[in-house]
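Okay, so here's the structure we're looking at.
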Amino acid sequence: MAGMEIDSPPQRVVSLSPRDRIVQRLAMHGIPEAYLHQFQLGLVALVRDKKFRINDIVSCILPTDLDVSDAQLLSDTEIVGVSGNFRIKALFDESIWWLQWLMFAGDPQESLSSLLQVTAGQRAVCGAVWGQNDLAYRCRTCEHDPTCAICVSCFQNGNHKDHDYNIMYTGGGCCDCGDETAWRKEGFCSKHKGIEEISPLPQKLANSIGPVLDSLLSGWKDRVMAVQHGQGRLADPDETCRKAADGLSASVIQMLLDFCDCSESLLGFLCRRMSACSGLLDILLKAERLLDKEVVKKLHELLLKLLGDPVFKYDFAKIFIRYYPINMKAMISESSDSVLQKYPMLSTFSVQIFTVPTLTVRLVTEVDLLSVLLGCLKDLFLSFVDVDGHIQVRKWENMSETTIRLIEDVRYVMSHQEVQAHIAHERPEISRAWIFLLKLVQGMDAQIRITGIISEEENENLFIPFFLGHYLGNVNALLIGALSVERYGGLGKMHGADNTDGQRHAKVGRVLQESSASQTCTLEALQHKETHDGESCSSLSSSVVWLISECLKAIECWLRTKIELLNHSFYDIASSSGSNVLAQRKKLYRGHKGTNTLRVNRTSVTRMDMDVEVSVSDDSNERFIGAATTSGVERDASVQNNSLQSTLENNGTCLEHCALDDSLMEVESSVELAVGSIFSLSYFPNINYDVSSQEISFHIHLHRLLSLLLRKALKVCFALGQSGKTDYTTSSGVSFKHEEYFRKLLAGVHPYGFSAFIMEHPLQLRVCCAQVRAGMWRKSGDTAILCSEWYRSIRWFEQGLESDLFLLQCCAALAPPDQFVQRVLERFDLSNYLSLNLADYNEFEAVLVLEMLTLIIHIVKERRFCGLSVEENLYRELVYRLSIGDATHSQVVNSLPRDLSRSDKLQNVLDVLAVYCNPSGMKQGKYSLRKAYWKDLDLYHPRWSSKDLQVAEERYFRFCKVSALNAQLPRWTPVIEPLTPISRIATSNIVLQIVRAVLFYAFFSKTSSISRAPDAVLITALHLISLALDICDAHQLLHIDDPLPILIYACEECNVGSTNAAVFWKNQSLLSLLVSLMRKFKEENDMHVETRQCNVYSLIEVLLKRFSKLSPNCMVELQRLAPDVVFDSQVNRSDQNLASTSDVDDRKAKARQRQAAILEKMRAEQSKFVASLSYNSIEQETYKQKEPFPDDVKEEAIRILMFIVEFFTIDVQSFDSPSGP
C-alpha cells in the first residue's frame, strides 16, 4: 500500500513551474491565449482595456491552497529533479512579481528606479528599525519626550552642536528623525525633511497602482483571517492554510517594505490604501498570534515605517486601542510575563502612539483611552486577589513586567498637559479610578517579625513591589500635576481622516475632535462651594481639595477592614458629680458579613487588628477643621456613642463607591467626608498596635498620594523657601492662618482624627526600620533588612521615606503635641523608658531610643518640602554627598533626588560650594567640598547611614579641627506657615520627660556599655534640647508671652525614680541633671572615643547658658546649681558690652586723627600754592600793583575751608550718639 502511494504522485506537480501555474490558472478563468503568450505584458494590455477584471486576475495570480499543498508535498518528499522554485516562497514571490507588473503597467524595477530618482533627497521620516542593543542617540535638546531617539547616521548628518545628548543602547523601536511629533525640526538631519515637505504620488501612477494594490490587500486579509477562523474551531487550523498565510504575508510585506524604501510619496500612498482596506488593520494587529514569528517581525518593521504618516498613525491607533484589552485579557489568563515577550505588539507600539501629544489627546477624548488602560490594570490586579481580599504577591510577581508595562502606558498618556487638563476639569472619575487601583495594592507584601526558628526562605523578587511603587509614584506625580494645569479653552474638532493629500500633511490632532465615545462630567458637579476669603488660601484649588477628600475616603475604606473601635462612654465631666470616664469595650464594626460589599471591594491586603480607645486631650485648644462639632470632652455619653457608631456605619457605601466597574464609576455630588468618618473625630484616639508582632507593609501607596497632594497644596498657596511671619495668635501657638488653611484643605476633617489615623502607618515604618537596625528582625532573614535599605535608598527615597516624613510633619502640626509624642513613644515600645528603672535594660533599647530621638528631630527640623527652595535643597544635598567623599559629576548627579538632579541650577550651585579637581592620567576629575561650606553640614539629614555619618564626622574634624557633634547642632529654620505648629513637638512636656530620662540614665549608670542611655543617645538628646532652645529663642523674638513647656518644667523636680537611685532622684530636675552630667564629663577629661570626639562638657555648658538667658526661673535655679556657669555667662556679656563701647571710642579717636591729618595736608598745599605765585613774573608785577589781602581775610578763608573739610569727614558713628564725639 505504501509503495503504491509513493509510485503514483500527481504528474502535474513535477512538470509545472510557478509561472506555468499562474498561466494555467489564468487560462482556466478565461483569459485569452493571445494575452497569456506575452505573460506579464499581455496582462498589462488586458487590464488597460478591461479594468473591471482586475479583481479576478489578481485572485487568479495568487496561489491557491492546492498549489501550496503541492509545493509543501514536494518540499517534504525531496523528489529528484524538482527545483526549489516549487517551494511555497517561490510561489508567492512569483505571484507578487506579476502583480507589480500590473501595478506599474510595465517593468516594476524600471518604474521604481525612475521613481527613486525623481524623489531623491525627499525622505520625510527615517524610520530605521532597531533591534536589541543597537546604538542610537538621545538628544534632550531636540526630543519631545524621553522615549525619542535617532540613529547614528541621522545624528552624524544633523547639527547637534552644544546640545545635551548621549549614546544609548536600544531595546527596539525606530528612528524619529523627520517626525515632527517626536523630534524638533531643527534637529532633523540633511536627509529627512519632515512629512510636510514631501509631494504626493503622481496621479497617473496612483490610478495604476491603486486598484491592483486594493485587491491584493483584500486577498491578504482573507488569507490571514482564514487562519483565525481555523483557530476558532475545535480542531487545529489546517497546516496548508497557515503556510499559505505565512507565504503570502512574507511576500506582500517585503514588497511594501521595498516600496517604502523607494519613495516617501509611495509610502504615504500605501498608508492611505491600507487604512481604507476594511478590516485589514484589525487582522494585522492579531497577526502575532496567527503567523510565523519571523513574518510577524517583518510586519512590525513595516508598521513602524508606516507610522511615520500621521493619518495612518491615527487610524492604526484606534484599532490598536480596541485590540489592547483583548490582548491583555489573554495575558492575564496565562498569568505569565512570557506572553508579553512572545507577543510584543503592545510593548512595541504603545510607546510609538501614546507619546505623541496631539494624537493621545484625540484618543483620550474620542475612544476613552484612559478608561481602557485603567480597566485593564484593574482586571490584572483583581485576578490576583484571593477570597480574603489580599493580593497574592507571589503569583502577581509572574505578571510584574506586564503590570509595569501597563502603568508606563498610563504614564505616557498622562504626561501630556492637554490630557492632564482634561482629567482635572472634565473627567474627575479618572482620578477616582486611579485611587481605587492604589487601594487594591495598598499594604501589599506585608512582613511579620519571626521570633521562633530562623527563617531561611529567600525571595528573589522582593524588590518588585518597590519597583511597582516607583512607577505608581510617577503616575501620582502626573495626576497631581494635572491640578495645576490651566483649563484649555475646549477640545475643538479635528477634520476626519479622509484620503485627501492635503489632510495627510496636517499634524495629527492639530485641531482636536470632541469626544463622543465617553461620558464626561465637569468637576464643578463634584466640588463643594468654596470661598477664598483667606489670604494664604486664596489660590487653593478646589480640585486639590476634592482629590484629598477622595484619597481620604479610600484610606478609610482600607482601614475599615483593619481596625476595631472600642466604645468608651463618657459621662458629663462638666457636671458637679465629677464622675470619671467609664470605659466600656464594644466591637462596633468588622464588615458587612453576608453582603456583597466585601466581595466587591476585595482590597484588604494585610491583616492588622488595631484597638482604638478614646483619649481625652488635656489640651484646652478646641480647634475645628471642617464640620462644626463640639469638643470630645464636652460631649455627653449619648452623643459620643452615636458618633463612634456612625464612624463606620454612616460610610457604608464607602466600599461600593470605590468599585471600578466598566464605566469606571459614578461621580458623587458631594466631596465632604461623612460626619461619622474616623477622620472627623474631635479627640485623639489611642490606637494599640505592636510593630514587632503584627504585619507591616512598606507599600502604602494611598498615603504617598496624600502626601503629594498636601505638598501640592502648599506649593499652590505658599512660596517654598520664603516663610511668612509666624503668627501665634492663640494660646496653643497655632496661628489663625494655619487653622484657616487646613479648614479649607481638609473639608469635613478634624485635625485630631486626621492626624491620629494618618500618622499611624508612616510611623510604623520608621519603627520597623529602627527595629531592623537594632537587630530585632535577625530571625526573619534578609527580607526585612533589604526592605529597610530599599526604603531609605535614593531610588525610592522621595516616594518612600521622604514622603512619609512629610506626612508625619503634617500630622504633627495638627495633633496635640504631647499625645503625638506619646504615640511615637508607644510605637517604639519605649513607654517603660520613663519609669527610670536602671535595671530594666535590654539589648535593643538603646538603638530604639536613638532612632526615636532622631525621628523627633527630623519631624521638627526637616525642610525638604516645607521651607527650602530648589537652590537651597541642592545646596543641602550636595553638602551631604561631598561630606562623605569627593565625587565625580555623574556620582553627584546619581546621589541626588530625581527632581533635583534635573534642575538647571545644579551646575551653578555645584560650582559655588565645590572645587573641581581636573582629571590626570587614569584619574577622573572630582568635586571636593570647599572648606567654608563644611559649616553647613547637616548631621540629621534623613538619608544618613551610620557608616556614612561616621565618615562625614571624621572628615569634618580633619578639615575644621573641631567635632561636628559640638559645632553642627540642629537649628530651627523658617517653615511654611501651616506647619509652624511642629515647633510645639520639640518643646512639649513629653519630650522633656524623655530627655530627662535619658539624662537620668546617663548620669546614674555606672558604665556606658550597659547604660540605658549610652553616649550616642545622650548626645542626640542634648541636640534635641538645643533644637528646643532654638525654638524658644524664636518664640521670644516674636514677643510671645506664653512660656513653652520645656522652660516651664526645666526646673521642676521629679519625685518618681528607680529604687536604686530614689534618694538622689528626688531632688533632680532637668537642669540639675545637666549640671551633674557636665561636672561628670569634666572630671572624666571630656573627650571619649565613644562620643566620636564630642566634648560633652562643653556642649552641656552651652545649653545651660542658653537656659539662663531664656528664662529668669532657669537663671535663678542655675545660680544655685552652677553659679560658675551663670557668672561666666554674665561676665562674658559684660565683657562684650565693654568691648563694644571701647571699640566705638577707638573708632572715633581714629576718625579724629584722620581729620587732623587731612587738615594739616590742606594747609601745606595752600602754603605751596601761595608760594608758587612769586615765581611768575607777569603775575608778580600784577600782584605788586595790587594791595595784598588783609590778614583777617586770610584767616577767615582758612577757617571756612577747615569747616567744610571737617563737615565732610565727620565721624559717622557720632550720628548714633546723642552727645556726639
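First residue of the sequence shown: 1, per full-length UniProt numbering; consecutive thereafter. Every residue gets a Cβ at the ideal spot worked out from N, C-alpha and C, and that includes glycine.
Cα-Cα separation, residue i to residue j
i: residue 938; j: residue 895; result: 16 Å
i: residue 17; j: residue 369; result: 51 Å
i: residue 797; j: residue 877; result: 13 Å
i: residue 470; j: residue 799; result: 7 Å
i: residue 19; j: residue 355; result: 47 Å
i: residue 833; j: residue 1019; result: 17 Å
i: residue 550; j: residue 431; result: 9 Å
i: residue 443; j: residue 221; result: 48 Å
i: residue 295; j: residue 225; result: 15 Å
i: residue 319; j: residue 386; result: 34 Å
i: residue 1029; j: residue 987; result: 8 Å
i: residue 1072; j: residue 1117; result: 9 Å
i: residue 338; j: residue 1015; result: 55 Å
i: residue 772; j: residue 804; result: 18 Å
i: residue 912; j: residue 831; result: 47 Å
i: residue 755; j: residue 308; result: 53 Å
C-beta contact flag for residue i and residue j at 8 Å
i: residue 692; j: residue 829; result: yes
i: residue 926; j: residue 917; result: yes
i: residue 347; j: residue 398; result: no
i: residue 783; j: residue 392; result: no
i: residue 948; j: residue 857; result: no
i: residue 1095; j: residue 966; result: yes
i: residue 445; j: residue 699; result: yes
i: residue 439; j: residue 554; result: yes
i: residue 853; j: residue 1021; result: yes
i: residue 215; j: residue 115; result: no
i: residue 806; j: residue 866; result: yes
Buried versus exposed call for residue i [16 or more other C-beta atoms within 10 Å across all chains shown]
i: residue 199; result: exposed
i: residue 980; result: buried
i: residue 1238; result: With the chain running from 1 to 1221 in the structure shown, residue 1238 is simply not present.
i: residue 274; result: buried
i: residue 1010; result: exposed
i: residue 701; result: buried
i: residue 928; result: exposed
i: residue 915; result: exposed
i: residue 697; result: buried
i: residue 342; result: exposed
i: residue 532; result: For residue 532, the predicted structure reports a pLDDT of 38, less than 50, and the residue's modelled location is therefore unreliable. A value from the coordinates is still provided. Residue 532 is exposed by the Cβ-count criterion.
i: residue 293; result: exposed
Boundaries (first-last residue) of the alpha helix (DSSP H) holding residue i
i: residue 1044; result: Looking at the DSSP string, residue 1044 is not in any alpha helix (DSSP H), and its letter there is neither H nor E.
i: residue 314; result: 310–334
i: residue 917; result: Where residue 917 is concerned, there is no enclosing alpha helix (DSSP H), although the beta strand (DSSP E) it sits in stretches over 914–917.
i: residue 1109; result: 1096–1110
i: residue 553; result: 542–560
i: residue 852; result: 845–861
i: residue 765; result: 760–774
Range of the contiguous beta strand (DSSP E) that encloses residue i
i: residue 137; result: 132–139
i: residue 929; result: 926–929
Cβ pair count under 8 Å reaching 3, the stretch 167–180 against the stretch 295–315: yes
Touching by the beta-carbon criterion (3+ pairs, under 8 Å), the stretch 990–1000 and the stretch 937–952: no
Three or more C-beta pairs below 8 Å linking the stretch 284–292 and the stretch 126–145: no
The stretch 738–747 contacting the stretch 840–849, beta-carbon criterion three pairs below 8 Å: no
The stretch 182–195 / the stretch 237–249 touching (three or more Cβ pairs under 8 Å): no
Any 3 or more C-beta pairs closer than 8 Å across the stretch 100–112 and the stretch 43–62: yes
Segment contact flag, the stretch 866–873 with the stretch 888–906, C-beta cutoff 8 Å, min 3 pairs: yes
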